[in-house]
Amino acid sequence: MTQKLIPPSGFTRRGALKTLGLGAGALAATTAMPGFIQAQSSAPIRIGFQVHRTGIGASYGRWYDRTSQAAVKRINDAGGINGRMVELVPEDDGTDAKRGAEVIEKFATQSNCDVAFGTLFSHVVIGSAPRAGELKLPYFVVSEGHHVASGMLNRYTLQPGITDVKSQVQAMAPFVAANLGKKVCMIFPDFAFGHDHRDYFSAAFEAQGGTINAMIAIPPTETAFTKYFPQIPRDTEVIYHVMVGPAVLTFVKELGEFFGPSRPELFGFIDSLEAVDIASPGLEFLEGSYMWEGNPRYAQADQTEYDKAFRAAVGVDDNGASVSDSRDISTYAHMFGCWETLNIIKAGMEASGYQGQGDRAALIEAVEAMSAMPLGMDHPQGAKIFNGKTHQTFGHQYITRVESGKLLLAHTTSIEDTLYEDEVDYTTRSF
Amino acid sequence: MDRALALHLGVIAALGLAYFVLPAYHAGNLARIMVLAIYAMGFNLAFGYTGLLSLGHALFFGAGMYGLALSMQHFGAPTLPALLIALVASALVAAVVGALALRTKGVAFMIVTLMFAQAGYLTALYFSAWTRGEEGFVLPQALRRFAGFDLSSAAGRYFAALLLFALTLLLIGAIVRAPFGRALIAIRENEPRATMLGYDVQRLKWFAIIVSGTISGLAGATYALLFGYAGASFAAVPYSILPLLYVLLGGAGTTLGPLVGTAFMIYLFDLSSSLTDAYMLIAGVVLVLLTMFLPQGMLGTLRKRALPWLP
Amino acid sequence: MDFGPHLMLAILEGAVTAAILALTAMGLSVVFGVMRVVNVAHGEFYMLGAVIAWFVATTLGAHPALGFVAALILAPLLVGGLAAVADMLILQRIGYDPERTIVATIGMLYIIQQGTLMTFGPDARPVAPPFNSRIPLPWLEWAEGKLSFYYPWGLSITSYKLFVIAAAALILIALWLFMTRTRAGLVMRATQQDSAMAQAFGIPVGRVYALVFGLGAALAAMGAVLVVPIQQAHYLMGHDPLLLSFIVVIIGGLGSLPGTVIAAVLIGVSDGVISVFFSPTLAKITATLAVAMVLVFRPQGLLGKKAH
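Chains as they are written, first to last, in the numbering used here: chain A, 1 to 431; chain B, 1001 to 1311; chain C, 2001 to 2308.
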C-alpha cells in the first residue's frame, strides 16, 4: 500500500453541503452555488464506453452497445442525470488488454469523460483497471470476473451491475446436487476462466455431498473434442461443461455424437452459447439439458413487466433475438449488466450531487454506500445486494432447461446462494 | 561529436521536452510508444541488422514481463532486482532458443521461433495458479517505485520510459558502429563472405539473438512496470508480429526506424479508430500501400533518397 | 473406455483433422513451392471459404446437400478469384520480395478480417451437413478362447466425417493429376524449377503466379467448406489453421507436395493420439516443442532436399 490515508468516514460532498446548509454559511452557500451549477449543468455528462467492437468479444460488444444506448436513451428521456443529458463516448478496445488501457487513458485525458464504463473480457478489465485507478477515473465494469471482489483492483473500479463468476458457479451446486446427480464430470478450458469454474464449483459441490469424478481440461486453441470424451467415467451422472469461444458448437455436437442415444444429465454455462441460436443444426443434443443463465433469454411464462419493457427498449423479441432480424441472437444473459450499471451510475451521481470531475470520489462513495437494489425498471434482471466493501454485486441466478429448442426456467437461486466471505475492503483504500 | 550521435541525443532531448509541451493524452501515448519502441529496437537488432527474421520475439517480451511481474507479485521484489531478474530471464530464454533455432535458416527459422513462442504462451496459460493465464494480474502499485519516484504517476512513467529508451537507443547506436555491429551487417549482406572473412558467424548470430532478446525482455518488463499489468496475451502471436510491422514501417536497419514505425502504427490505430469502427481495414490498406510505395520503410527510404548518413 | 477402442477413436478423429489440414497446408505449399513467398493471409482465405459456404447454404435454403455442393464449387472459385486479383494488384507490384510480401499479406489479413466482421458479423454460424449419421464401430475381443466382435461404449464416427476424409483424398489426387498430367501443371512446375528460364521459353510467369496464388487460396477454401459442417464459420477462425499449415509445410519440406501430405497425416493423427496418453495442455506444449526440435535437427523437413 502506498499510503494508508483513510478518508474521514461519512465525509461526502452531500454531507458537506448539508452541514454547510445548516450552519451560518447557508446564505453564502446558496448565493455562491447557482452560478457554479449553471456553468456546469448545461454540458452533458460524458460516459466513456469501452466496448469490444473487434476481436474475440465482438458478439458481446455489439449487444453491450445496443443495451447501453437504450439505457442512456431511457435516462435522457427521463430528464438525464441531475438535469444534465448523458452522452456515451464509445471506443473500441479490440478485446485487447493493451488497447483497453489506452482507451481508458483516452477517456481520462483526451475525451474529457466523467466516468468510464463497460466491457466484458477479464483481461481487458484487469489491464485497464490500474490506469483507471492511477488517473482517478471511476471505472464501472460489466465483466462477471472475480477480479473486482478478489481485491486485485482498486478503489476506482466497481462491478455493481453483474454478479461474478464465483457467485454464479457456487450458486449452481445445490441445484445440481439435488436434482441432477451426485457424480459430476467437469469439462472446462485449461486456462484461468476454466480454472475458476474448476475450483469454485468443485468446492461448492463437495460441500453439498457430491463428488467430482473427473476433471477434463481442454487445451486452449483446441477445435476437435471427441478424442477427450473417453475420459468421461462411465458412472458419471452429470457432465458440467463451460467451453467458450466459437468452437463450442463443435463441442456440443461431438458430445452428442459420442454418447448417441443415451447420455448423462448435462449442465452448462450459456457463456459459450451467447449470440448463438439454440435451434442451430448440431445443438439438438442439448434438448433436455440445463443451462446457467444470468438472465433468461426466452421470455418466461412468469415474465415480469420490467423484463418485458427491457426487451422492448433494447429491441429484443421473446426469443432473445433482435426484433429486426430473428437470426441475430442477443447476449441476453450478460447484457442486462450494462443497463443496470448505467442506472447505478445515475443513482450514484444523484445521491452524491455529482457536478463535475471533482466529485468523482464522492460518486464512488455514494455507490459504495448502496446496498439493496430492488427489482424494477432500473434492475430488470432481479433484485440485487451490492457490497460496498468488495465493490461487487450479488443477485439471483437462473437455471433453464432446453425444451423443444427453447430455454425454459427450471430454477431461480436465492441471493444467499451467491454470497461468500469478503476478500477485500476497498473502502479502506485511499482515493 | 558526429552527426549520428548528435541526432540520437537530439531525439532524446526532444522527447524529454515533449512531456512539457504535449497535452496529457499524447504524453501518455508517447510513454507507451517509447516502451514499445524499445521492443522494436531489440527486434531490429536481429532482423534489421543481422537479417534474422524471427516470428517468436513475444517469447522474449513475455519472459521479461513475467520475470519482473512474477517476482514482484509473489516475492515482493523491488523494482531494480525485479528488473534484473527480468533481464536475466529473457537473456537465458534467448540464449537457449537462439542456440537451437539458429541451426535453421530462412522460413524454417521463422517457424521454429514461432513454435517456441507458442509453447511459451501455452505455458503461461497452463500455470494459471501463478500467472492467472489469459486474465493476467495487476502489479502491486506500492512496488512500482524507483529511487523515490512513483512510476505509476504520469511524470514518473514518462521519464522512466524515456530513460530506458535513451539507454537502449545509445546502446544500439554504439553496437552498430562497433566491430560487433559491423560484423552483423556483414552477415546480413552476405553470409558466405562473412564466413570466408573469418567471422564466427554462428557465434555472432547467437550473440545478436541474446542481445535482441534481452532488449525485448527489457521492454516487456518495462511495460508491466509502468502500466501495472502482466498477462498472457502479451506473449501471444500478435505480439510477435507487431515489432516486425513497427520495424518494417519505420525502416529496418535504421536506429530510429523502430521509434518512427511504432509511433506511426499506434497513432494510425488511435486516429482511425476515432473516425470509424473499421480501423483495421484502414490499417490493412495503409500497410499494403506502404509496402508498395515505401519498400524500405520511412527512414530507410529517407536514407536512400536524401540523407545517406542517417544511422 | 478400454485402451484399444480409445486409441482407435483418437486415430479416427486425428484422420479427420489430418484430411482438412492436408488440403489447407497444400494450398500454402503450392504457393511457396512455385512463388517462394510466405502468405500470411492464407488462414483468411480459409475463413472466407467457410463464410461463403454459410452464405451459399443459407441463401439457397433448400436441402442441406444442395447448399453444400453449391458451396463446394462456389467458395473455392470466389476465394481463388479474389486471391488471384490480390496477387496481380499487390504482390506482383512488389516483385514477391519475401519480407515485403509478409507485410503486404498481413495487411490483406487485416482487410479480409475486418471486411468479414462488417458483413458477416462477429457470431459463429453453423452449416448443416449434407448427411450425418452416427456409425457405431465394432472392436475385436479375445474372449473364451476365440475372437469376437463387440460394440464398445463411445466408439463411433459419423458418416460425414468419413466423407471428409474421402473427399480430401480425392481432391488431393485430382490436384496431383493436374500438376503432373496437364499442360497447366507442367507450366507451373517449370516455373517452380526456374522462373527465369520459364520466362525465356515464353511462359507468362505473371499469369502463372496469379493462377498459383488463386489455386492455393482455393485449396484452403475447399478445406474450409468441408470443415464447416463439423465446426462453424467465424471471422477469427483462420488463425490456427494458418499456424498448423505453416508447421506442416515446413515439416514436410518446403514445396514438397508428397511431404506436405505425409506431414499433415503425421501431425493430425499424432495430435489425436497424444491426447490419449498425456494431460492435454502439457501434451500440446511438448508436441509443439517436439516439432520445433524436428526442424532444428532436420531443417530441410522430412522429404525436403538438403539445403544447398
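Glycine residues also receive a C-beta, built at the ideal position from the N, C-alpha and C atoms.
**Report entry** Reference A:G161; option with closest CA among A:V424, A:F386 and A:T427
**Finding:** A:F386
Requested in this report: Could you name the residues of the segment 1105-1117 of chain B whose beta carbon sits closer than 9 Å to any beta carbon of chain C, in the order they occur along the chain?
Outcome: K1105, G1106, V1107, A1108, F1109, M1110, I1111, V1112, T1113, L1114, M1115 and F1116
Query raised in the report: Is the beta carbon of A:P233 sitting closer than 9 Å to the one on A:N213?
Result: yes
Query raised in the report: Around the C-beta of C:V2164, are 16 or more other C-beta atoms found within 10 angstroms, so that it is buried, or is it exposed?
Result: buried
Query - Residue nearest to A:I329 in terms of C-alpha spacing, selected from A:Q69, A:N343, A:Q303 and A:I278 - result: A:I278
Query - Listed by chain order, chain B residues near A:P220 by CB distance under 8 Å - result: L1122, L1125 and E1134
Query raised in the report: In angstroms, rounded to a whole number, what distance separates the CA positions of A:L137 and B:L1151?
Result: 18 Å
Query raised in the report: Along the segment 249-262 of chain A, what residues have a CB closer than 7 Å to any CB found in chain C?
Result: L249, T250, E257, F258 and G260
**Report entry** Buried/exposed call for A:G21, threshold 16 Cβ in 10 Å
**Finding:** For A:G21, the pLDDT reaches just 40, beneath the cut-off of 50, and the residue's location in the model is therefore unreliable, although a value from the coordinates is still provided. Counting Cβ neighbours within 10 Å, A:G21 comes out exposed, since fewer than 16 surround it.
Query raised in the report: How would you list, in chain order, the residues of chain A whose beta-carbon sits under 7 Å from the beta-carbon of C:I2230?
Result: T250
Query raised in the report: How is B:L1310 classed by DSSP in three states: helix, strand or coil?
Result: coil
Query raised in the report: Applying a beta-carbon distance threshold of less than 8 Å, which residues of chain E neighbour C:G2115?
Result: The structure shown contains no chain E; the protein chains it does contain are A, B and C.
Query raised in the report: Nearest-angstrom Cα distance between A:L27 and B:I1038?
Result: The pLDDT assigned to A:L27 is 40, lower than 50, so where the model puts this residue is not dependable, and the model offers no usable value.
Query raised in the report: Using DSSP with H/G/I as helix, E/B as strand and the rest coil, what is B:E1189?
Result: helix
Query - Cβ-based burial, A:T390 [other Cβ within 10 Å; buried from 16] - result: buried
Query raised in the report: Counting only beta-carbon atoms, is A:P138 nearer than 9 Å to chain B?
Result: no
**Report entry** Length of the line joining the Cα atoms of A:D271 and A:A58
**Finding:** 14 Å
Query raised in the report: According to the neighbour-count rule (16 or more other Cβ atoms, all chains shown, within 10 Å of its Cβ), is A:D93 buried or exposed?
Result: buried
Query raised in the report: Where does C:A2233 fall in DSSP's three states?
Result: strand
Query raised in the report: In the DSSP assignment, what are the bridge partners of C:Y2160?
Result: DSSP, once it has assigned bridges, lists no residue as partnering C:Y2160.
Query raised in the report: Would you say B:A1230 and B:L1070 are within 9 Å of each other, going by their C-beta atoms?
Result: yes
Query raised in the report: Would DSSP call A:H123 helix, strand or coil?
Result: helix
Report task. State the CB to CB distance for the pair C:T2017 and C:G2268, rounded to an integer number of angstroms; the pair is presumed to be in contact (CB under 8 Å). Result -> 4 Å
Report task. Starting from the N-terminal side, write out each stretch of the alpha helix (DSSP H) that is 4 residues or longer and does not extend beyond the segment 1103-1186 of chain B. Result -> 1106-1126, 1128-1131 and 1154-1177
Requested in this report: Tell me whether A:N343 is buried or exposed, calling it buried when 16 or more other Cβ atoms sit within 10 Å of its Cβ.
Outcome: buried
Query - Touch test, the segment 1212-1228 of chain B against the segment 2062-2078 of chain C, Cβ-Cβ under 8 Å, three pairs minimum - result: no
Query raised in the report: Smallest Cα separation from A:T250: which of C:L2007, C:E2013 and C:F2003?
Result: C:E2013
Query raised in the report: Do you know how far the Cα of A:R62 is from the Cα of A:L17?
Result: Note that A:L17 has pLDDT 41, beneath the 50 cutoff, so the model's placement of it is unreliable and no number is given.
Query raised in the report: chain C beta carbons: is any one of them nearer than 9 Å to that of A:A58?
Result: yes
Report task. Just mark B:R1303 as buried or exposed, buried being the case when its beta carbon has 16 or more other beta carbons within 10 Å. Result -> buried
Requested in this report: From the DSSP output, in three-state form, read off A:M186 for me.
Outcome: strand
Requested in this report: In the DSSP assignment, find the alpha helix (DSSP H) that holds C:G2004 and state where it starts and stops.
Outcome: F2003 to M2035
Query raised in the report: Taking only beta-carbon atoms, is B:M1072 less than 9 Å away from chain C?
Result: no
Query raised in the report: Going by other Cβ atoms of all chains shown within 10 Å of its Cβ, with 16 needed for buried, is C:D2271 buried or exposed?
Result: buried
Query raised in the report: Do you know offhand how far A:Y228's Cα is from B:G1098's?
Result: 35 Å
Query raised in the report: Within this structure, are the beta carbons of B:F1227 and A:P230 separated by less than 9 Å?
Result: no
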